[in-house]
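Here is the structure we will look at.
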Amino acid sequence: MEEEVIDQNSDIAMEDADRLIEETLEKYERYVNPGFTRFMRLLGTTLEVKTEGTYMYDVYGKKYLDFLGGHGVYNLGYAHPKVVQVVKDQLDKIPQTSSRLMLNKPMADLCERLARITPGDLTYSFICNSGTEAVEGALKLARAATGKSRIISTINGFHGKSMGSLSISGRDVYKKPFEPLVPDIHHVPYGDIGALKASVTNDTAAVIIEPIQGEGGVICPPAGYLKDVRQICDEKGALLVLDEVQTGLGRTGKMFACEHEDVVPDIMSLAKALGGGVMPIGAFIATPKAFAPFEEDILLHTSTFGGNPLACVAASATIDAILEENLVDQAAEKGTYLLSRLKELKDAYPNLVTDVRGKGLLIGIEFADEGMVGNVIYELEQNEVMVLHMLNNQRVVRLEPPLVIDYGQIDFMLSVLKEALEINNY
Ligand code: PLP
């Protein structure tokens, strides 16, 4: 007799799927993290096995429409064929650099592209492996370039969890156990230009902010804020570092979110979508003036794996795909549509939804309470749509789908969301 197969998208029998999940949970429990395992068991979690386009498939063959986008990684959707192909080709040639004694063409090609697509005179790139590394490097460069130590960042900002990035991030719960953190870092409320002005002194090395706070709850600053921040930095001789790890590469309907206000930073950090969802990679890009310390001492900042050819070819192909497929404009248009439809839902359920906001396809839905967020995430998951809340604001559900999502899929998510709101409207 044939074994029961739960879904046509999976060739794994139901009992095998159950066993695979249990085996994986046991390994998590023994070798990864027992606390995390307890949490996953509570969630009634499943096992991801396949991705395609804008869909994630679990071990039962259940197909999830991805409105989470790997927290900003999957701008191109999953496994974009061109990105996958260049990585496969590179794998057969030279996957990692042999040493730093010879030239690495994939890295040079990527740095050229980054200089072309970033605004103003952002020119030199340092390639690393993640968002937090990109921010760490930017922080170090800002101090070295100015010879000053004071750094201003914002409350509720998120920049990563290594020591420097954590120190500038703005949520205490992640910071307290690791104190003392990096000194001379000062936080001001995001979007409050008066507070920022009061805090930036002549001794300030840099102001480091996100152009839109992502994990803070998709907080868009008031119009003109970034321009004013730029001006204050110029007046005080401080560098402006913009963390575009989440907002960069088309996500907000511009190639970089700072372009909504025509502001050019001295240093920009990138990661997440840069590897096309295929390879991990980060980068920080600086103006020649800001980059000077790394030019003078070429060993001041280094990374063994940073700039590896596999990640670099993936990033170059990602940039090419974003340009060729016009994903920046697509994000702007689809985002405008999605936001307007969400505003209708907000008006229809004012006691549940307190705000909808965002730019392009970085959108947050703010709920009246955190419990409601859990219910809505659960209902969407039951209807095969993946969403999640923000790390620093658990009342906000993020909608951050691949930029290649289509209007039919957007409408499907909206109908499922409407049902979820209706169920919770008592
Ligand atoms: N900066 C921003 C704005 C982010 O959103 C994140 C991650 O969410 C990071 C930095 C850290 O990136 P990573 O998790 O790759 O270290």
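Residues 11 to 436 in the numbering used here are what the sequence shown spells out, letter by letter. All residues carry an ideal CB built from backbone N, CA and C; glycine is no exception.
Range covered by the alpha helix (DSSP H) that runs through residue i
i	result
D416	Neither: D416 is in no alpha helix (DSSP H) and is coded neither H nor E.
I291	Per DSSP, I291 belongs to no alpha helix (DSSP H) and is neither H nor E.
M173	M173 to I178
G234	Counting along the chain, G234 falls outside any alpha helix (DSSP H), and DSSP gives it neither H nor E.
T346	L337 to A358
L249	Note, L249: premise wrong, no alpha helix (DSSP H); beta strand (DSSP E) at L249 to D253.
D330	P319 to E334
M50	P44 to L53
A205	I203 to S209
Simplified DSSP state of residue i, which is helix, strand or coil
i	result
L113	coil
K400	Rather than Lys, the amino acid found at residue 400 in this sequence is Met. M400: strand per DSSP, three-state reduction.
V192	coil
D102	helix
A89	coil
M24	helix
M11	Model confidence at M11 stands at a pLDDT of 39, short of 50, so the residue's coordinates are unreliable; what they give is reported in the following sentence. Coil, per DSSP.
V395	strand
G224	coil
K185	coil
M382	helix
V96	helix
I219	strand
I387	helix
Pairwise C-alpha distance: residue j and residue i
i	j	result
G167	G224	8 Å
Y1	P319	For residue 1 there is no data in the structure shown, the boundaries of the chain being 11 and 436.
V366	R405	12 Å
D26	L57	12 Å
F266	M24	45 Å
E13	V183	Because E13 sits at a pLDDT of 47, beneath the cut-off of 50, its placement in the model cannot be relied upon, and the point is left open.
M11	A293	Confidence at M11 is low in this model, with a pLDDT of 39, below 50, so its placement is unreliable and the value that follows should be read with caution. Distance between the alpha carbons of M11 and A293: 55 Å.
V15	E62	Low confidence applies here, because V15 scores a pLDDT of 49, under 50, leaving its location unreliable and the question unanswered by this model.
E122	S326	9 Å
L355	G370	18 Å
A342	F77	16 Å
A421	A358	At residue 421 the sequence reads Asp, which differs from the Ala that was named. Cα to Cα, the separation comes out at about 17 Å.
V97	A331	14 Å
H197	G180	7 Å
Y84	D21	26 Å
V363	G227	14 Å
Q256	V145	12 Å
Which residues DSSP lists as bridging residue i, in chain order
i	result
S108	In the DSSP output, where bridge partners are listed per residue, S108 has none listed.
R160	T214
A296	Y134 and I277
V407	I375 and H399
Y65	E62 and L75
V198	T164
N- and C-terminal bounds of the beta strand (DSSP E) containing residue i
i	result
T364	V363 to K369
T61	E58 to E62
K73	K73 to D76
- Item | Validate contact between the segment 415–435 and the segment 383–398 using beta carbons, cut 8 Å, 3 pairs | yes
- Count the CB pairs spanning the segment 234–254 and the segment 272–279 that are closer than 8 Å, and state whether there are at least three. yes
- Task: Flag this pair as touching only if the segment 112–119 and the segment 297–307 have three or more C-beta atom pairs under 8 Å; answer yes or no.
- Result: These segments do not touch.
- Item | the segment 300–315 / the segment 118–138 touching (three or more Cβ pairs under 8 Å) | yes
- Do three or more CB pairs link the segment 212–221 to the segment 231–244 at distances below 8 Å? yes
- Hey, is the segment 124–135 in contact with the segment 180–196, meaning 3+ C-beta pairs nearer than 8 Å? no
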